[in-house]
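To start, the structure under review is shown below, and the notes come after it.
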Amino acid sequence: MAYENIVYEVKEGIATITFNRPKALNALNGALLAELSQALDVIAADEDIRVLILTGAGDKSFVAGADISELATFDSLKAKAFALKGHGIINKLQQLPIAVIAAVNGFALGGGTEISIACDFIYASENAKFGQPEINLGVIPGFGGTQRLPRLIGTNMAKELIYTGKMISAAEALQLGLANNVVPHDSLMDEVMKTAEVIASKGKVSLREAKQAVNKGMDVDLASGCGIEIDAFALCYASPDAKEGTSAFLDKRQAEFKGGLSV
Ligand code: DAK
45 MAYENIVYEV KEGIATITFN RPKALNALNG ALLAELSQAL DVIAADEDIR
95 VLILTGAGDK SFVAGADISE LATFDSLKAK AFALKGHGII NKLQQLPIAV
145 IAAVNGFALG GGTEISIACD FIYASENAKF GQPEINLGVI PGFGGTQRLP
195 RLIGTNMAKE LIYTGKMISA AEALQLGLAN NVVPHDSLMD EVMKTAEVIA
245 SKGKVSLREA KQAVNKGMDV DLASGCGIEI DAFALCYASP DAKEGTSAFL
295 DKRQAEFKGG LSV
């Protein structure tokens with residue numbers, strides 16, 4: 045389908061979604077969210093895609109949050125409907141059976157931070173800024189920020205960011221473990237692509253099982269999490285990739301993983 049608020053590209057198993065409302069610093073309006081949701085469905089159904097990269101159009105912003113001109117029109121019922129829709133899309137993003145990297149190229153505020161932390165990890169450019177400024181608008185994070193941010197950076201630090209609405213730099217985000225890597229602005233996509241290519245060369249089933257074991261395990265106690273890992277480990281052997289990976293090592297050659305998701 046034709047998208048107007050995002051750009052969707054796929055190259056050699058690596059998909060990229062670029063939020064594309066640069067005049068509004070890529071703020072999330074309803075139309076953009078609907079397109080994002082559709083693109084995620086397309087990606088989920090495409091067995092050839094192994095990695096998704098999310099980034100923002102222009103030099104300045106990843107996503108500057110929900111579109112405030114839409115937020116300004118809400119009543120409680122509309123706010124609830126918007127929250128349900130937003131959570132649905134962000135859950136879909138988090139649960140994609142492939143690796144998802146946020147390439148944060150500028151402002152990641154409010155919904156921008158919330159989308160980035162629903163990805164598997166974040167690479168940020170030196171001029172990236174993160175924050176949950178909803179408190180300045182008289183509301184609270186509505187796309188999972190009160191839940192995912194404390195799990196990622198700890199309760200007290202998350203509370204400080206959510207209560208003050210302040211922005212933090214890429215360097216601070218790195219220190220907090222919010223970003224995995226901070227790189228010069230102009231080399232952000234190259235660095236993200238290098239990591240994406242490494243991941244795309246791995247087995248699709250083992251990647252999916254690793255991701256699901258980590259994600260599901262974070263929501264349960266350690267013993268239950270280890271149970272999840274045991275099942276996920278066993279399932280990897282349903283794919284020819286396990287045979288290929290172990291044989292390749294023993295044969296002293298590079299593994300060529302070809303297993304699909306149909307196992
Ligand atoms: N929405 C709409 N337009 C935005 C925008 C946004 N979030 N952010 C920026 N823009 C627009 C500006 O209005 C401006 O438009 P023009 O005036 O040129 O037409 C253009 O983008 C450039 O912005 P600035 O001129 O302000 O650029 P600066 O470099 O001076 O400042 C800034 C950049 C990012 C610091 C500033 O634009 C800013 O503070 N933006 C707002 C950041 C923010 O507060 N974001 C919203 C966070 S709240 C919920 C679910 C989710 C949420 C809430 C509820 N429920 C389900 C109920 C989520 C809420 C949020 O994300």
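Quick note: the sequence shown, position 138, residue 182 per this note's numbering, numbers continuous.
Ideal placement from N, C-alpha and C gives every residue a C-beta, glycine not left out.
Note that the structure is a prediction, hence the values are computed from the model and not measured.
Rounded separation between residue i and residue j - CA only
i    : j    : result
H131 : A244 : 27 angstroms
S283 : G247 : 9 angstroms
D234 : L69  : 22 angstroms
I184 : D119 : 15 angstroms
I206 : G289 : 45 angstroms
K67  : K104 : 10 angstroms
I274 : V264 : 14 angstroms
R297 : G304 : 21 angstroms
A215 : V148 : 13 angstroms
D90  : L128 : 26 angstroms
S213 : Y281 : 43 angstroms
Whole-angstrom C-beta distance between residue j and residue i, which should lie under 8 angstroms
i    : j    : result
A292 : A286 : Actually they do not touch by this definition, with Cβ atoms about 11 angstroms apart.
L222 : F174 : 6 angstroms
G109 : F63  : The pair is not a contact, with the Cβ atoms about 11 angstroms apart (cut-off 8 angstroms).
G209 : N180 : 4 angstroms
Y52  : A88  : Wrong, their Cβ atoms sit about 13 angstroms apart, outside the cutoff.
P177 : L153 : 5 angstroms
heavy atom of ligand 1 below 7 angstroms from residue i C-beta
i    : result
N149 : no
K287 : no
S160 : no
N224 : no
K67  : yes
N180 : yes
L205 : no
Per DSSP, cross-strand counterpart(s) of residue i
i    : result
S213 : K173
Y281 : None; Y281 has no bridge partner.
G100 : F63
L153 : G175
Y52  : I61
Is the region 192–207 in contact with the region 163–172, if contact means three or more CB pairs nearer than 8 angstroms?
No, the region 192–207 is not in contact with the region 163–172.
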